[in-house]
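S.K.: From first to last, the protein sequence lines stand for chains R and G.
Heads up: the first sequence begins at 5 in my numbering, then just goes up one per residue.
Heads up: the second sequence begins at 5 in my numbering, then just goes up one per residue.
By construction, the Cβ of each residue, glycine as well, lies at the ideal position given by its N, Cα and C atoms.
Protein chains: 2
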Amino acid sequence: MMLSLKEAADRLLAAKSLILTAHVHPDGDAVGSSLALAAALKQLGKSVRIIIDDDLPSGLKVLPGFDRIERPTEGQSIQVDLLVVLDTEPDRTGNAMQGITAPVLNIDHHVTNEGADNLDFYVDGDRAATAEIMYQLLEFLPVTLTRDIAMPLYTGLATDTGFFRFSNTTPFTMRAAAKMLECGVKPNEISESLEARPYEEVIGYAKVIQTIERFADGHAAGIFLDKEARENLPGTDGLVGSVRVIEGVDVAIVMKWSEDNAYRVSLRSKGVDVSRIAASFGGGGHVRAAGCTLRMSFADAKSSLQTAITAALQSEEQA
Amino acid sequence: MMLSLKEAADRLLAAKSLILTAHVHPDGDAVGSSLALAAALKQLGKSVRIIIDDDLPSGLKVLPGFDRIERPTEGQSIQVDLLVVLDTEPDRTGNAMQGITAPVLNIDHHVTNEGADNLDFYVDGDRAATAEIMYQLLEFLPVTLTRDIAMPLYTGLATDTGFFRFSNTTPFTMRAAAKMLECGVKPNEISESLEARPYEEVIGYAKVIQTIERFADGHAAGIFLDKEARENLPGTDGLVGSVRVIEGVDVAIVMKWSEDNAYRVSLRSKGVDVSRIAASFGGGGHVRAAGCTLRMSFADAKSSLQTAITAALQSEEQA
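(1) Should R:Gly242 be listed as close to the ligand MN, given that the test is whether its C-beta is under 7 Å from any heavy atom?
(2) Please check if any C-beta of chain R sits within less than 8 Å of the C-beta of G:Tyr203.
(3) Near G:Ser195, what residues of its chain come up, given a Cβ to Cβ distance below 8 Å and the 5 sequence neighbours on each side ignored?
(4) Enumerate in chain order the residues of its own chain whose CB-to-CB distance from G:Gly98 is below 7 Å, with the five nearest sequence positions on each side excluded.
(5) Would G:Val206 pass as a contact of R:Val249 if the rule is Cβ separation under 8 Å?
(6) Going by the CB atoms, is the gap between R:Pro68 and R:Ile55 shorter than 8 Å?
(7) Taking 8 Å as the CB-CB limit, is G:Leu185 close to chain R?
(8) For G:Asn192, report the span of its alpha helix (DSSP H) as first-last.
(9) Assign R:Val291 to one of three DSSP states: helix, strand, or coil.
(10) Can you look up R:Lys226 in the DSSP assignment and give me helix, strand or coil?
(11) Could you pull the start and end residues of the alpha helix (DSSP H) that R:Leu141 belongs to?
(12) Give the secondary structure of R:Lys20 by DSSP, where H, G and I count as helix, E and B as strand, and everything else as coil.
(13) Is there a Cβ of chain G sitting closer than 8 Å to that of R:Thr105, yes or no?
(14) I'd like to check one pair, G:Ser279 with G:Gly286: are the Cβ atoms closer than 8 Å?
(15) I'd like the span of the alpha helix (DSSP H) that includes G:Leu243, first residue to last.
(16) What first and last residue would you give for the beta strand (DSSP E) that runs through G:Met101?
(17) Tell me whether the segment 32-41 of chain R and the segment 135-142 of chain R touch, counting them as touching only if at least three CB pairs, one residue from each stretch, are closer than 8 Å.
(18) DSSP three-state label for G:Met300, please.
(19) What whole-angstrom Cβ distance do R:Arg151 and R:Gly188 have, given they're in contact under 8 Å?
(20) Taking Cβ positions, are R:Leu9 and R:Phe176 nearer each other than 8 Å?
(21) Is DSSP giving G:Phe125 helix, strand or coil here?
(22) Figure out for me which residue from G:Glu199, G:Glu251 and G:Val84 has the closest Cα to the Cα of R:Pro202.
(23) Please confirm whether G:Ala266 and G:Arg234 have their CB atoms less than 8 Å apart.
(24) Can you name the residues of chain R whose CB is closer than 7 Å to the CB of G:Val249?
(25) What's the C-alpha gap between R:Leu309 and R:Ile213?
(26) Classify R:Ala43: buried if its beta carbon has 16 or more other beta carbons within 10 angstroms, exposed otherwise.
(27) Given G:Ser301, which residues of its chain have a CB within under 8 Å of its CB, disregarding the five upstream and five downstream residues?
(28) Between G:Asn236, G:Ser270 and G:Ile104, which has its C-alpha nearest G:Ala225's C-alpha?
(29) Tell whether a beta-carbon distance below 8 Å holds between R:Gly3 and R:Asn110.
(30) I need the DSSP call for R:Ile55, collapsed to helix, strand or coil.
(31) How is the alpha helix (DSSP H) around G:Phe176 delimited, first residue to last?
(32) Here's the rule: buried if 16 or more other CB atoms are within 10 angstroms of the residue's CB, otherwise exposed. What is R:Val200?
(33) Suppose the cutoff is 6 Å on Cβ atoms and the five residues either side in sequence are ignored; what does the same chain contact list for G:Lys306 look like?
(34) Helix, strand or coil for G:Ser308? Go by DSSP, reduced to three states.
(35) Taking Cβ to Cβ, would you say G:Arg292 is nearer than 8 Å to G:Arg272?
(36) So, with DSSP's three-state summary, where would you put G:Glu118?
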């Protein structure tokens, strides 16, 4: 059932013990929203755990509470009053929800999240980040905005808006961030931590950037990393940003080996709806930032993607 | 004479004809502050020209009025009521002020600008950008904040704060930017324009990034471009950012050939005061972002810089 924000807050207030979870491949918003909500609920004296079924980006380790985020354990059996799924639909949480007996509350800002009959949800696709919804939610919770809440909230806002550069950034986002700075958040501390890269990664990125391929008459460009190329590169976070800045490029992608015959794809756009391209491969996301996984050979994945993107750009042109 | 902001506004209001200028190597704040003030003064019916003695970054071409910015002409002779020098001391304006007969009003946010007895000045080193001072100034001018004013103001704020990531970003900065978004500024339009790089430049950057040298026990790193390397690279804007993100690096630099036996240096820091290092070579700037030009051979410039930076890092450590 679609709830109002007030009703969602009431569900949270009514619960004494809660588990929070978020999507696999967690980003600053998934982790930030979880940590912020956990800090708020702890301030209210509630028992709260965060369980996420994936490695966490190391750049987020400056966030208070980061070390207390758990991974699901094999055969876990947990009884709590409420299970809160943040920044995604429940089916993108890996094994985090396994063995947890609790009603589900789903809070998300992804337009592609249509909710479901069997769970309570609050989805607002107009919000830049789930962290922005968390910020609005605070209005309905009797908590003080402390640095422990503000730092992860700020991080969620900052990462989902590309540090306030993307089109989803609104005056509300900027003013929310202003509040966070007033609570002692240091933007340079967050940005330096998020952006810090080992020397080897910087050099590795520089190497693969030289392999950027342009297609669709230069309106799209991508980096395609097979198993070997992927294994030689420590990370790929933010790599797609280096493709995105190329003049004339509307759709930027990074396709990388994730396991045998499975390639994880990040799509970024300046106009074309890449969430539709991602959805056609079983993924999802936003109009200008989406992701999907292609389960096929490297060559097939590459050509399928290029074909789909070229077609999307052409139909855009005709529209 | 140091003026109050109100007095600075009164000087502007009293003038009927004005020339605005800013520093050579103009950035988003120099150009943005000039365009914003020009748009405000034009709204008040004044005759305003902007004269800057340098090429302008092409990423700023989306700003309204960009095409009307002039360069000084040989032997120019101009009589106006007021000459406004923005975002720098008057001696860093190249030949822009030559042949202009007018009292000078200097408005700047660089702490290193100490003003002078023979001119009226308003300097506030606590402001993130001169554009932020322009925004405060609007309170004393009977103008409406239009998109023509808001776009360049936003650009000045965004560029001098590294898109709201640097330590100079305050709640005031964020709320000022929120106002600009309300006036129709699109953050993605500005950021995409500022960040757009020709394919050749992206590839060129990737090549020179592989030449990054670490020194001072890994606390500093730099790219050193001699004449040939510089000439093979279309631009160097933002290149220092790629050095800055390396883990453990406090001081990041790009040193590039600018003319025979002259090397232009950009310094960025996460802690050490690089404005002092820049000042020791006759340059200036901020604690965390500064610049200077070294007039010597490539080898001497490189070793002088490395020595000065290593010494600054060591004295920091001891402090």
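M.R.: Put simply:
(1) Looking at this structure, you won't find the ligand MN or any other ligand, since it has none at all.
(2) Yes - at least one Cβ of chain R is within 8 Å of the one on G:Tyr203.
(3) Listed in chain order, the non-local C-beta contacts of G:Ser195 below 8 Å within the same chain comprise Ala162 and Phe167, local neighbours out to five positions each way being set aside.
(4) Taken in chain order, the residues that qualify are Val28, Asp57 and Asp58.
(5) Cβ distance < 8 Å, so G:Val206 and R:Val249 count as in contact.
(6) Inclusion of R:Ile55 and R:Pro68 in the CB contact set at 8 Å is not warranted, their separation being larger than that value.
(7) At least one beta carbon of chain R lies nearer than 8 Å to the beta carbon of G:Leu185.
(8) Here the alpha helix (DSSP H) through G:Asn192 covers Pro191 to Glu199.
(9) In this structure, R:Val291 counts as coil in the three-state DSSP scheme.
(10) Sequence inspection shows Gly at residue 226 of chain R; the Lys mentioned does not correspond to that position. The three-state reading of DSSP puts R:Gly226 in strand, counting E and B together.
(11) Per DSSP, R:Leu141 belongs to the alpha helix (DSSP H) from Thr134 to Leu141.
(12) If DSSP states are grouped into helix, strand and coil, R:Lys20 belongs with coil.
(13) It does not; no Cβ of chain G falls within 8 Å.
(14) For G:Gly286 and G:Ser279, no; Cβs fall outside 8 Å.
(15) DSSP places G:Leu243 in the uninterrupted alpha helix (DSSP H) bounded by Leu243 to Arg248.
(16) Secondary structure note for G:Met101: it is in no beta strand (DSSP E), with a DSSP letter that is neither H nor E.
(17) Using a Cβ-Cβ distance cut-off of 8 Å, the segment 32-41 of chain R and the segment 135-142 of chain R are in contact, since at least three pairs of beta carbons, one from each stretch, lie closer than that value.
(18) Three-state result, G:Met300: coil.
(19) 4 Å between Cβ atoms; contact.
(20) No, the pair does not count as a contact, with Cβ atoms beyond the cut-off.
(21) Three-state result, G:Phe125: strand.
(22) Comparing Cα-Cα distances from R:Pro202 to each of G:Glu199, G:Glu251 and G:Val84, the minimum goes to G:Glu251.
(23) When the beta-carbon positions are compared, G:Ala266 and G:Arg234 stay at least 8 Å from each other.
(24) Contact annotation for G:Val249 against chain R: Glu199, Ala200, Arg201 and Val206 [CB-CB distance below 7 Å, chain order].
(25) Their backbone Cα atoms lie some 19 Å apart in a straight line.
(26) By the neighbour-count definition (other C-beta atoms within 10 Å, threshold 16), R:Ala43 is a buried residue.
(27) Counting only Cβ-Cβ distances below 8 Å, and skipping sequence neighbours, we find Asn265.
(28) Nearest C-alpha to G:Ala225: G:Ser270.
(29) Chain R is shown from 5 up to 323; residue 3 of chain R falls before or after that span and cannot be answered.
(30) If DSSP states are grouped into helix, strand and coil, R:Ile55 belongs with the strands.
(31) DSSP places G:Phe176 in the uninterrupted alpha helix (DSSP H) bounded by Pro175 to Glu186.
(32) One point to set straight first is that residue 200 of chain R is Ala, not Val, in the sequence displayed. Taking a 10 Å sphere around the C-beta of R:Ala200, we find 16 or more other C-beta atoms and assign the residue as buried.
(33) If the five residues before and after G:Lys306 are omitted, its C-beta is found closer than 6 Å to the C-beta atoms of Phe228, all from its own chain and listed in chain order.
(34) Reduced to three states, the DSSP call for G:Ser308 is helix.
(35) G:Arg272 is positioned such that its CB atom lies closer than 8 Å to that of G:Arg292.
(36) In the structure shown, G:Glu118 sits in coil (DSSP, three-state: anything other than H, G, I, E or B).
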